Each structure stands twice: as C-alpha cells, then as structure tokens.
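Everything below concerns the one structure shown next.
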Amino acid sequence: MASIRKEILIEDSPEHVWAAVRDVGAIHVRLVPGFVVDCRLEGDSRIVTFANGMVVRELIVDINDDARRLVWAAVGGRFTHHNASLQVFAEGASHSRLVWIADLLPNDMAGAIEAMIQQGTIAMKHTLERNATNG
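Each step along the sequence shown adds one to the number in my numbering, with nothing skipped, and position 74 is 1463.
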C-alpha cells in the first residue's frame, strides 16, 4: 500500500487553520481555491471537483476538534482503498504545522496522488497565509 505524507508550516494560528480545514463543504473557497474548483455536501460525503477535472466522492470519516484532525476516504473510481487525514498542530501561538497523510491502493496511483497532494499543500499555504495577512 502506498503511503504519502506531507507537512507544511503555515504562518497562521492553529485555530484559524483548523476552522478552514474542518469546513469540509467549503474547501474550494476557504482552503484550496484553484486546486479544488467545486465541493458540495451529500449526506456524510462531499463531492470534490479538482482543477484537473477529476471528480471524487469523499466519505467524511471523522472531524475531531480536540485533535484538530479530519479523516476522509475516497470511495469508488479507480481506488480500491483510499484513506487520508489532515491534522493541524500548534507551532507557537501564531504558526501551525499541517500534516496530510494518504494511504492508497493501487500503488501505481501513488505518483499522481502525491503530485496532487503537493499542489494542494501549496494552495493551502498560499490561501491560509493570505487570509491571515488580510485579517
């Protein structure tokens, strides 16, 4: 099973970063605009449309406010298994460390998914830090 892990430092408080991450139906506006172009909620899932045209149904597995951890699973499509999490850690009062982990099968999708996660983390950093600066 492929396992991908990315960490980024964000120049914004963990409370603000977590508020954007946990808003699972608005990631195309609050977290990764441009990388995700649309997101809508359907029951306990969200339908995510990426800028590259890929559309994925993601089952929201857990939103843990105490741990500042979001877990989701992509269902259907080419994946036989996909589980991912985003977790926000405090790095002082005004900075955050965001950790994105994805485990997936088939293994041959790892390169493409890792590239998408890299694009997503760049979009997150840009969006969250811009919003922190703009108040």
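Even glycine gets a Cβ: it sits at the ideal position worked out from N, Cα and C. Predicted model only: the values in this text are computed from it and were never measured.
*Grab me the residues of Ser-1483's own chain with a C-beta within less than 6 Å of its C-beta, minus the 5 sequence neighbours each way, in chain order.*
Answer for Ser-1483: Ser-1402, listed in chain order.
*Which value, in whole angstroms, describes the spacing of the CA atoms of Ala-1440 and Gln-1508?*
A straight-line Cα-Cα distance of about 10 Å links Ala-1440 and Gln-1508.
*asked:* Once the 5 residues before and after Pro-1495 are set aside, which same chain residues still bring their CB inside 7 Å of it?
replied: The residues Thr-1469, in chain order, have a CB closer than 7 Å to that of Pro-1495 in the same chain once the five nearest residues on each side in sequence are set aside.
*Assuming Ala-1463 contacts Glu-1447 under a Cβ cut-off of 8 Å, what Cβ separation, rounded to an integer in Å, is found between them?*
Their Cβ separation, rounded to whole angstroms, is 5 Å, which keeps Ala-1463 and Glu-1447 in contact under 8 Å.
*Leaving out five residues on either side along the sequence, give the residues of the same chain with a beta carbon under 6 Å from the beta carbon of Val-1488.*
Spatial neighbours of Val-1488 in its own chain (CB-CB distance under 6 Å, excluding positions within 5 residues in sequence) are listed in chain order as Glu-1396 and Gln-1476.
*Is it buried or exposed for Leu-1517, if we count other Cβ within 10 angstroms and need 16 for buried?*
The residue is buried, with at least 16 neighbouring Cβ atoms inside 10 Å.
*Have a look at His-1405, Ala-1456, Leu-1493 and Gly-1465 and flag the residue whose alpha-carbon is nearest the alpha-carbon of Ser-1434.*
Nearest of His-1405, Ala-1456, Leu-1493 and Gly-1465 to Ser-1434, Cα basis: Gly-1465.
*Using the C-alpha atoms, what's the distance from Ala-1409 back to Ala-1491?*
Cα-Cα distance, rounded: 19 Å.
_Quick check on Asp-1454: does DSSP put it in helix, strand or coil?_
Residue state for Asp-1454 is assigned as coil, using DSSP reduced to three classes.
_Between which two residues does the beta strand (DSSP E) holding Leu-1537 run?_
Outside the modelled stretch of the chain, which goes from 1390 to 1524, sits residue 1537, for which no answer is possible.
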